[in-house]
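In what follows, a single structure is set out as structure tokens and then discussed.
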Amino acid sequence: MLSGSEPTVHTPDDAAASAETATARAAAEKVRNLPPPETTRKPRAKGRVPLLRRADQAVVAAVVAASLVAVATYWYMRGGTSGRLVEIEVDGVDLPRAPLVADFTVDLNSADWMELDALPNVGERLARRIVESRKTDGPFRSVDDLDRVPGIGARTVERLRPYLRVSKVTEEPPGRGGPQSAGGE
Numbered sequence: 558m559l560s561g562s563e564p565t566v567h568t569p570d571d572a573a574a575s576a577e578t579a580t581a582r583a584a585a586e587k588v589r590n591l592p593p594p595e596t597t598r599k600p601r602a603k604g605r606v607p608l609l610r611r612a613d614q615a616v617v618a619a620v621v622a623a624s625l626v627a628v629a630t631y632w633y634m635r636g637g638t639s640g641r642l643v644e645i646e647v648d649g650v651d652l653p654r655a656p657l658v659a660d661f662t663v664d665l666n667s668a669d670w671m672e673l674d675a676l677p678n679v680g681e682r683l684a685r686r687i688v689e690s691r692k693t694d695g696p697f698r699s700v701d702d703l704d705r706v707p708g709i710g711a712r713t714v715e716r717l718r719p720y721l722r723v724s725k726v727t728e729e730p731p732g733r734g735g736p737q738s739a740g741g742e
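The sequence shown begins at 558 in the numbering used here and counts up one residue at a time.
Quick look at the structure:
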């Protein structure tokens, strides 16, 4: 072991190592003498321009939050938790529990086959047969006249009765000297 009082012997390899060390010391000294780096902003990437500044984004977020609170308050105040959001007035009187009935009826004398096809248990073929019967045999005078259509019996007439109506017939059936006999539909 070498102690601090013994002389150091340098070899040619040690000379190259000491030169590198001297160069490293000089570079470190230059870095120490440099002024501190300036804090500069990075340039924005091209194509990414924000629509709103941060302050504007905060204002928009506050307005949206206030709107959501207002909608939730309105929903709660109008009975949202009780399920009574829709109120119906009939002749100025509030009838929240009155049953409403939707009446869906088809006029046999004016409906085309697509309307008749919408009826339960009536397909496209049967609907087209009803329209063809109306063209050839004249308008229906009652729902019971449906039994003249091939493929419709008494049970089918009774099943369809709640969905059908017959408009007033004022003209003669076609083919019997009425106004439709010359032109047709």
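C-beta: ideal position from N, C-alpha, C; glycine also.
Fair warning: this is a prediction, and the values are worked out from it, not measured in the lab.
What does DSSP give as the partner residues of residue i in its beta bridges?
i    : result
L510 : Here the chain covers residues 558 to 742 and nothing more, so residue 510 does not appear.
Residue i by DSSP, collapsed to three states: which one?
i    : result
P628 : Correcting the residue identity first, residue 628 is Val in this sequence and not Pro. V628: helix per DSSP, three-state reduction.
R605 : coil
N590 : helix
R611 : helix
L683 : helix
A675 : coil
V706 : coil
D701 : helix
D669 : coil
S639 : coil
A584 : helix
When you compare only the Cα positions, how much space is there between residue i and residue j?
i    : j    : result
Y720 : L665 : 10 Å
K587 : E577 : 15 Å
R712 : M671 : 22 Å
A618 : R610 : 12 Å
D704 : V714 : 7 Å
L683 : V706 : 9 Å
G708 : S690 : 12 Å
T630 : S639 : 14 Å
F661 : R686 : 21 Å
Y633 : L625 : 12 Å
R718 : K725 : 17 Å
T580 : N590 : 16 Å
G637 : K603 : 49 Å
D674 : A623 : 51 Å
R635 : D669 : 44 Å
D701 : V663 : 14 Å
Segment contact flag, the region 669 to 679 with the region 696 to 706, C-beta cutoff 8 Å, min 3 pairs: no
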